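These notes concern the structure reproduced below.
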Amino acid sequence: MPPLAIFLVLLSTLVHAGWNLILRNQRSDTTFLQITLVTSVIGLGPVLLAELGPEPMLVHVWGYLIVAGIFQAIYYLGLTQGYRHGDFTIVYPIARSLPVLLVAVSDVARGRAPSLIAWIGMILVTVGCLIIPLESWRGFSMGRYWNRAMLWAVITALSIVGYTVTDKIATDFIAPGPWAAARYGIYEAAASAVVYWFILKAMGRSTLDQSSVRSWGWAAVASIGVFGAYWLILWSYQLAFQASYVVALRQLSIVIGVGLGAWFLREAAPILRLSAACIIVAGVAGIVLGG
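See below:
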């Protein structure tokens, strides 16, 4: 991977873990809706004006934006429900790890197979993420992995695969650079806001009631992190040949997330869980060296 792409992904991991910590404290169905609305209201005006310029974007990627918006909305639902039913230090790693190998398979299908060292690194990342829910080897049981929180984590993971593959293909059709990546990210936020609103309505959930209005401050703060983190990833997609390298490198946010969850939320972080985090770091190192 180019050094700039590595830097962008590493910076994104710090921002990503931070906004997940904010969301874990909120536990609201409407938080993501508010976040995407804030991003859309602020950003849609400038990007729509840019469509009148010499490099319009929507004509090339509108179909990808709809598909990615649907997957993003499912991601919001899965992550919110997962945090509601389980620990941050369990749901977050599982949801982030499962897409690693699945996206790698999609790279193979597109003729962009990872190197052998990168494959080993991605396997280490996945293994580390599967171990991380355990507090000890004695505590191993299917109950750790087969429960409502884990179901939502798997749904979240599959949605990540969906929008990752879609976005990687889409970024090949737009002009390179941070401005184009930002424009695409704002359009995707708007699309996901519409889809997520319909999902909440279909489930009979409140959308923007009185209780959620009081949380607009948190949503505004989180929107900076959500958009900023993924804007950096969209930019890195334009620089990296394989999407799987970017996805795997992003999993350093799991290590950061486990540390933040243990420090700020007082969630358990025993030696085994910390060891799993080290395995993830080793896997990421393999990806950087092999990429």
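Note that the sequence shown covers residues 3 to 293 in our numbering.
Cβ coordinates follow ideal geometry from the N, Cα and C atoms, glycine included.
Keep in mind it's a predicted model, so treat the numbers as computed, not measured.
Report all residues from its chain with a CB closer than 7 Å to the CB of T15; omit the five preceding and five following residues, and keep chain order. Taken in chain order, the residues that qualify are R252, L254, S255, I258.
Is E137 helix, strand or coil by DSSP? Three-state result, E137: coil.
Measure the Cβ-Cβ separation of G288 and A172 and say whether it is below 8 Å. Pairing G288 with A172 gives a Cβ-Cβ distance that is not under 8 Å.
Buried or exposed for M124, please, with buried defined as at least 16 other CB atoms from any protein chain shown within 10 angstroms of its CB. It counts as buried.
Based on Cα-Cα distance, which residue from G45, M3, L12, V40 lies nearest to A183? The option with the nearest alpha carbon to A183 is G45.
List the endpoints of the continuous alpha helix (DSSP H) containing E190. Per DSSP, E190 belongs to the alpha helix (DSSP H) from 180-204.
Once DSSP output is grouped into helix, strand and coil, what is the label at W148? In the structure shown, W148 sits in coil (DSSP, three-state: anything other than H, G, I, E or B).
Based on Cα-Cα distance, which residue from V40, L50, T38, E57 lies nearest to G179? Of the candidates V40, L50, T38, E57, the residue whose Cα lies closest to the Cα of G179 is E57.
Measure the alpha-carbon distance for M205 versus L51 and round it to whole angstroms. Cα-Cα distance, rounded: 35 Å.
Buried or exposed, going by whether 16 or more other CB atoms sit within 10 Å of the CB of D174? Taking all protein chains in view, the Cβ of D174 is surrounded by fewer than 16 other Cβ atoms within 10 Å, so the residue is classified as exposed.
Straight-line CA distance for L39 to V228? About 12 Å.
In three-state DSSP terms, what is P48? Look at P48 here: in three-state DSSP terms it is helix.
On the three-state DSSP scale, how would you describe S255? Looking at S255 - three-state DSSP - the assignment turns out to be helix.
Of the residues D89, I188, V49, V283, which one's Cα is nearest the Cα of W154? It is D89 whose Cα lies nearest to the Cα of W154.
Nearest-angstrom Cα separation, counted from L23 out to R140: Each residue's CA atom was taken as its position, placing R140 and L23 some 29 Å apart.
Report the three-state DSSP secondary structure of A97 (helix, strand or coil). A97: helix per DSSP, three-state reduction.
Hey, is the stretch 96-106 in contact with the stretch 57-76, meaning 3+ C-beta pairs nearer than 8 Å? They do not touch, by the three-pair rule.
Give a yes or no on whether the C-beta atoms belonging to A245 and K170 are separated by under 8 Å. In contact: A245 and K170 (Cβ atoms closer than 8 Å).
Is the closest heavy atom of the ligand SAM to the C-beta of L81 under 7 Å? Because no ligand of any kind appears in the structure shown, any question about the ligand SAM cannot be addressed here.
Taking DSSP as the reference, what is the three-state secondary structure of P116? P116 carries a coil assignment under DSSP once its states are collapsed to helix, strand and coil.
Identify the continuous alpha helix (DSSP H) that holds Q240 and give its terminal residues. From DSSP, the alpha helix (DSSP H) with Q240 extends over 218-241.
N- and C-terminal bounds of the alpha helix (DSSP H) containing F73: 60-87 is the span of the alpha helix (DSSP H), which, as asked, contains F73.
Host alpha helix (DSSP H) of A278 (start-end): The continuous alpha helix (DSSP H) containing A278 extends over residues 273-292.
DSSP on T158, reduced to helix/strand/coil? Three-state result, T158: helix.
Between V43 and A224, what straight-line distance do the alpha-carbon atoms span, to the nearest angstrom? Rounded to the nearest angstrom, the gap between the Cα atoms of V43 and A224 is 15 Å.
V2 to W265 span [Cα, whole Å]: The requested residue 2 does not occur in the structure, where the chain is confined to residues 3 to 293.
To the nearest angstrom, report how far apart A70 and A278 are at their CA atoms. Computed Cα separation, rounded: 31 Å.
Is the Cβ-Cβ distance between S194 and Y85 less than 8 Å? No, the pair does not count as a contact, with Cβ atoms beyond the cut-off.
Have a look at I188, I176, K203, V260 and flag the residue whose alpha-carbon is nearest the alpha-carbon of L241. L241 has its Cα closest to that of I176, out of I188, I176, K203, V260.
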